[in-house]
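One structure is given here, and the rest of the page talks about it.
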Amino acid sequence: MDETLQPEVPELQPTPEPELLLTPEAQYYLNEGAGWARFLGIMGFIGSAFILIMAIFAGSVFSILGRMSPTPMPAGVGAFIGIGYGCFALLYFFPSMYLYQFANQAKQGILFKHTPNITTAVAKLKSFFKFWGVLTVIMIALMVLSFVFSIMIGLRSH
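Residue numbers (this note's numbering): 1 to 158.
Dropping the structure here:
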């Protein structure tokens, strides 16, 4: 038997990357920011609730205003405005929820020195900024469209 002996080659182990460590100062700032995020999240929940209450009562308010007005309002105005306010309440709720979740996870992660909580907190903060980024792009697009339609209507009237 002809066996060739090969020298043992040790498996190359990748060198571990150093983990990101939060200094005490960074933990302090993250904890302070989480406190403000919790406050803003709670204020957002309260604001969403008020907007939702306005949405619920918009139909009855506009029906009363329609009876008081010398010119009748079109049918369904109250329902249309109520649905619009309901959509605004929903749009206001989600960023508030992301901020509140960020705050809770960040505070727990710092308190218990638990990296998965900090990771979840940063993910919620990313979701908050992503939500506002997408909403901002949509709003800018709607503004541009309304500007273009306004110009077209203005040119047609002459």
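Glycine residues also receive a C-beta, built at the ideal position from the N, C-alpha and C atoms.
These numbers were taken from a predicted model, which means no experiment stands behind them.
Based on Cα-Cα distance, which residue from the options lies nearest to residue i?
{"i": "residue 91", "options": "76, 51, 150 and 118", "result": "51"}
{"i": "residue 84", "options": "28, 63 and 59", "result": "59"}
{"i": "residue 107", "options": "82, 35 and 22", "result": "35"}
{"i": "residue 22", "options": "115, 33, 37 and 149", "result": "115"}
{"i": "residue 102", "options": "11, 40, 25 and 73", "result": "40"}
{"i": "residue 105", "options": "31, 19, 11 and 20", "result": "31"}
{"i": "residue 45", "options": "88, 67 and 66", "result": "88"}
Under the rule that 16 or more other beta-carbon atoms within 10 Å means buried, what is residue i, buried or exposed?
{"i": "residue 238", "result": "Here the chain covers residues 1 to 158 and nothing more, so residue 238 does not appear."}
{"i": "residue 48", "result": "buried"}
{"i": "residue 112", "result": "exposed"}
{"i": "residue 118", "result": "buried"}
{"i": "residue 141", "result": "exposed"}
{"i": "residue 133", "result": "exposed"}
Between the beta-carbon of residue i and the beta-carbon of residue j, is there less than 8 Å?
{"i": "residue 110", "j": "residue 27", "result": "yes"}
{"i": "residue 76", "j": "residue 63", "result": "no"}
{"i": "residue 80", "j": "residue 131", "result": "no"}
{"i": "residue 55", "j": "residue 33", "result": "no"}
Residue i CB to nearest chain B CB: under 8 Å?
{"i": "residue 70", "result": "Protein chains in the displayed structure number just one, and chain B is not present."}
Worksheet item: Are three or more beta carbon pairs between the stretch 93-104 and the stretch 121-129 nearer than 8 Å?
Response: yes
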